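Q: Quick note: the sequence shown uses my numbering, first residue 71, plus one each step.
Cβ coordinates follow ideal geometry from the N, Cα and C atoms, glycine included.
Values in this document were obtained by computation on a predicted structure and should not be read as measured data.
Mind having a look at this structure? Questions to follow.
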Amino acid sequence: MWRVSLMRRLQAILLSLLLVLSIAPLPVMAAEVLRVSSSSLLQVGDHNRTYTVRLACLQVDPSDEAEAMAWLKSELPRRRRVNLRPEGSSDGVLLARVTSIGSDIDLSAGLATAGLGRLTCDSPQT
């Protein structure tokens with residue numbers, strides 16, 4: 071009799087633990103900026119791989135390149151965690167919308183708003 075009671079308690083504890091683990095969000099490892107290579111090109115890593123990422127839907131005029139790169143470096147210091155929303159790839163480079171963790175501003179839109187580039191997509195996502 072006491073074994074049945076013990077088994078039911080153990081089942082209840084395991085079921086509760088399973089429920090808590092399935093509901094509670096597990097920490098996700100975000101990509102981190104390793105380097106800003108140009109006004110639209112980043113090196114990011116996720117503790118396992120490194121990616122070259124080009125900001126999607128952005129065109130920077132060559133005369134604004136230095137200022138746009140400085141703006142991007144100020145927004146993305148090294149090791150800043152970012153969300154990547156892939157839009158495709160070109161020549162082995164990931165095209166993605168990039169947003170800093172804790173911000174809802176897409177960096178392509180931010181550069182365009184600062185007057186340092188222009189958006190090339192019809193419906194930018196922010």
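Once DSSP output is grouped into helix, strand and coil, what is the label at P156?
A: Reduced to three states, the DSSP call for P156 is strand.
Q: Select from T190, M77, I83 and R79 the residue whose C-alpha is nearest the C-alpha of L165.
A: The shortest Cα separation from L165 among T190, M77, I83 and R79 belongs to T190.
Q: Let me check understanding here. Comparing Cα to Cα, which of A101, R105, S133 and L154 lies closest to R119?
A: It is A101.
Q: How do the region 108-116 and the region 136-148 stand: do at least 3 beta-carbon pairs fall below 8 Å, yes or no?
A: Verdict: yes, contact present.
Q: Is it true that the CB of V130 sits closer than 8 Å to the CB of S181?
A: As written in the sequence, residue 181 is Leu, which differs from the Ser given in the question. Cβ atoms of L181 and V130: closer than 8 Å.
Q: Quick check on the burial criterion: 16 or more other C-beta atoms within 10 angstroms. Buried or exposed for R167?
A: Buried, by the Cβ-count rule.
Q: Does the separation of the CB atoms of V114 and L104 fall below 8 Å?
A: Yes.
Q: What is the rounded straight-line gap between the Cα of T183 and the Cα of I175?
A: Distance between the alpha carbons of T183 and I175: 10 Å.
Q: Below 8 Å on the Cβ atoms is my guess for R124 versus V163; work out the distance and round it to an integer in Å.
A: Right, their Cβ atoms sit about 5 Å apart.
Q: Can you give me the Cβ contacts of E145 inside the same chain, cut-off strictly under 8 Å, excluding the 5 residues immediately before and after it?
A: The answer, listed in chain order, is S170, L177 and G180.
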